[in-house]
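The structure appears below as structure tokens.
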Amino acid sequence: MKLSTKCRYGLRALVDLAVYSESGHVALHEIAARQDISLKYLEQDFSVLRRAGIIRSVKGAQGGYMLTKAPSEILLSEIVSVLEGDLLLIETGEQDPTDIRSFLARNVWGKLNANVKDVLESIRLSDLAEEYLELQSGKEMYYI
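Sequential numbering of the sequence shown, starting at 0, is according to the working numbering.
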């Protein structure tokens, strides 16, 4: 599975928004500059995310974007689903149970699909924002 640029940029922008929106809304041009992403491209992504109810816009000269929920309430699976569509790596439609395609669908592709879904549902936007902030603060973790 290769995630689209739309999804990868959208996720980068949402992590940025989660980090910088604690004090209020964030202008899209600020996110674009910090993340080195085209403003026009982010406008398209944010339009999709706004229609899906993940973010909301504030109009005006001092406008910008905010998350509609706390980052701890937004799962990565929700973001990827909005930006990519379904979470399936491979369609595993109904087939003859004795056919090798059905065998592979059950024993390989279905398991891969389930694991991808489980991982995406286990990560919250807040997890990513917190880890990113730790990375930015230069804290090094030492384990003994």
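A virtual CB, placed ideally from N, CA and C, is assigned to each residue, including glycine.
Model, not experiment: these values are computed from the prediction.
Quiz item: Using the beta-carbon count (16 or more within 10 Å), is R50 buried or exposed?
Solution: exposed
Quiz item: Per DSSP, which one or two residues make a beta bridge with L66?
Solution: I54
Quiz item: Should the region 54-72 be called in touch with the region 81-99, which here means at least 3 C-beta pairs below 8 Å?
Solution: no
Quiz prompt | Cβ shell of S22 (< 6 Å), same chain only, five flanking positions each side left out | solution = none
Practice problem: Following the continuous alpha helix (DSSP H) through A113, name the residue where it begins and the one where it ends. | Solution: G109 to S121
Self-check item: Residue from Y8, S121 and K5 with nearest C-alpha to E75
Solution: The sequence as given places Leu at residue 75; Glu does not occur at that position. It is S121 whose Cα lies nearest to the Cα of L75.
Exercise. Go ahead and label H28 buried or exposed: buried means 16 or more other beta carbons lie within 10 angstroms of its beta carbon, across all protein chains shown.
Key: exposed
Quiz prompt | Between the CA atoms of A12 and Q135 - distance to the nearest angstrom | solution = 16 Å
Quiz item: Leaving out the 5 sequence neighbours to the left and right, which residues in its chain are closer than 7 Å to S3 when beta-carbon positions are compared?
Solution: E83
Self-check item: Same chain only: Cβ atoms within 7 Å of S80, ignoring 5 sequence neighbours per side
Solution: L86
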